[in-house]
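Participant: Numbering (the numbering used here), first residue to last: -3 to 272. Backbone N, C-alpha and C define an ideal beta-carbon position, used for all residues, glycine too. Keep in mind that this is a model prediction, so the values were computed, not measured. Have a look at this one.
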Ligand SMILES: Nc1ncnc2c1ncn2[C@@H]1O[C@H](COP(=O)(O)OP(=O)(O)O)[C@@H](O)[C@H]1O
Ligand SMILES: [Mg+2]
């Protein structure tokens, strides 16, 4: 459903943020994009919907070459791509319901949205989504009166208003506490499964990424240096992505990971040695 070929991004400042990234995503596939700050994670997801215009390479989404669209074609493709940001990007002075309905602006004509006249079906849809993300009854609360976790739930519900096929999620948990982070990750994953949505989730917390995301892509200085199962993220891979460090405290927590396998094997091996 998504294919990136040789994607490059050089900013006007001369910074080469992406150095030829190629990857494929199947329908309903969910991946975690990890890497140090400045590795190009945000640039990569923004190149997909052309919030950032790539310098070279191609993005093909559901058979549509994003670089060859006119304004109308690009708008149509973007409607099928939902974005969720760390900073929630809510309109502070608007209510939860108004924020959700603004996620529908891609469909509503300019004047209709100008007068904030929304389709009754959209309002119904918004109520359903609020209930699904655990915010039933919060529709009239102002965005600036919500907690971080609630704001992120509004961000998720708003991204789903346009019924996307792909979610681009940039550091969804960066400003949340550990428990709220886990709740938000679980909600995201459940929604992707329920709706068959593909997602790319930028996330700098390796343990959180490997706990919830089955496939991990590691980015270092604009280059993909790992693309494989979460359980394959080990000492060697983390050193490759982030540099030299003792990663054992992290690899011990990776589900099904090599370090865990070693630990579960260790007592058995010790027993074998004792028996010999
Ligand atoms: N708008 C921009 N203008 C110039 N350079 C940028 C811009 N956005 C990002 N960069 C540079 O591109 C590189 C990758 O940044 P980014 O994609 O934000 O990485 P990450 O999200 O992994 O932290 C960095 O060197 C950063 O300074
Ligand atoms: Mg970033």
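Looking at ligand 2, does it come within less than 7 Å of residue 11, judged from the CB to the closest heavy atom?
Facilitator: No.
Participant: Could you check the C-alpha separation between residue 177 and residue 35 for me, to the nearest Å?
Facilitator: The straight-line gap from Cα to Cα measures roughly 22 Å.
Participant: What is the DSSP secondary structure of residue 119, counted as helix, strand or coil?
Facilitator: Helix, per DSSP.
Participant: Is there at least one non-hydrogen atom of ligand 2 closer than 7 Å to the beta-carbon of residue 45?
Facilitator: False, no ligand heavy atom lies under 7 Å from that Cβ.
Participant: Closest by CA to residue 149, which one among 162, 33, 189 and 169?
Facilitator: Selected option, being the one with the closest Cα: 169.
Participant: Does the beta-carbon of residue 51, which I'm using as the reference point, lie nearer than 7 Å to any heavy atom of ligand 1?
Facilitator: Result no, Cβ not under 7 Å from ligand 1.
Participant: Give me the DSSP bridge partner(s) of residue 222.
Facilitator: In DSSP, residue 222 forms a bridge with 214.
Participant: Quick one: residues in its chain with C-beta nearer than 7 Å to the C-beta of residue 39, no 5 flanking neighbours on either side, listed in chain order?
Facilitator: 5, 13, 14 and 48, listed in sequence order.
Participant: State the start and end residues of the unbroken alpha helix (DSSP H) segment that holds residue 54.
Facilitator: Here residue 54 belongs to no alpha helix (DSSP H); instead the beta strand (DSSP E) covers 52 to 57.
Participant: Check whether the Cβ of residue 201 lies closer than 7 Å to any heavy atom of ligand 2, and answer yes or no.
Facilitator: Residue 201: no, Cβ never under 7 Å from ligand 2.
Participant: Would residue 157 pass as a contact of residue 96 if the rule is Cβ separation under 8 Å?
Facilitator: Cβ distance < 8 Å, so residue 157 and residue 96 count as in contact.
Participant: Any idea which residues DSSP pairs residue 20 with across the strands?
Facilitator: -1.
Participant: Of the residues 1, 27 and 9, which one's Cα is nearest the Cα of residue 195?
Facilitator: If we check each option's Cα against that of residue 195, 27 comes out closest.
Participant: CA-CA distance, residue 214 and residue 141?
Facilitator: One C-alpha to the other measures close to 36 Å.
Participant: Quick one: is residue 20 buried, meaning 16 or more other Cβ sit within 10 Å of its Cβ, or exposed?
Facilitator: It is exposed - the Cβ of residue 20 has fewer than 16 other Cβ atoms within 10 Å.
Participant: Of all the options -2, 240, 37 and 161, which has the alpha carbon lying nearest to the alpha carbon of residue 216?
Facilitator: Nearest option by C-alpha distance: 37.
Participant: Which stretch, first to last residue, makes up the alpha helix (DSSP H) that contains residue 180?
Facilitator: Unbroken alpha helix (DSSP H) run through residue 180: 174 to 191.
Participant: Put residue 48 into one of helix, strand or coil per three-state DSSP.
Facilitator: Three-state result, residue 48: coil.
Participant: With H, G and I counted as helix, E and B as strand and the rest as coil, what does DSSP make of residue 5?
Facilitator: Note: residue 5 maps to strand in three-state DSSP.
Participant: Measure the C-alpha to C-alpha separation of residue 202 and residue 238 and round it to an integer number of angstroms.
Facilitator: Cα-Cα distance, rounded: 11 Å.
Participant: Roughly how many angstroms separate the alpha carbons of residue 52 and residue -2, rounded to a whole number?
Facilitator: C-alpha separation (whole angstroms): 17 Å.
Participant: Using a threshold of 7 Å, is the CB atom of residue 171 nearer than that to any non-hydrogen atom of ligand 2?
Facilitator: Not so, every heavy atom of ligand 2 lies at least 7 Å from the Cβ.
Participant: What is the DSSP secondary structure of residue 169, counted as helix, strand or coil?
Facilitator: Residue 169 falls in the coil class under three-state DSSP.
Participant: Using the three-state DSSP reduction, which class does residue 61 fall into: helix, strand or coil?
Facilitator: Here residue 61 sits in strand by DSSP.
Participant: Answer yes or no: do residue 251 and residue 207 have a C-beta to C-beta separation smaller than 8 Å?
Facilitator: In contact: residue 251 and residue 207 (Cβ atoms closer than 8 Å).
Participant: In or out: residue 73 buried (at least 16 other Cβ within 10 Å) or exposed?
Facilitator: Buried: at least 16 other Cβ atoms inside 10 Å.
Participant: Taking the beta carbon of residue 50 as the centre, do at least 16 other beta carbons fall within 10 Å, making it buried, or is it exposed?
Facilitator: Burial call: buried.
Participant: Does the structure place the stretch 115 to 132 close enough to the stretch 55 to 69 that three or more beta carbon pairs sit under 8 Å?
Facilitator: The stretch 55 to 69 vs the stretch 115 to 132: no contact.
Participant: What's the C-alpha gap between residue 29 and residue 3?
Facilitator: Taking the straight line joining both Cα atoms gives about 15 Å.
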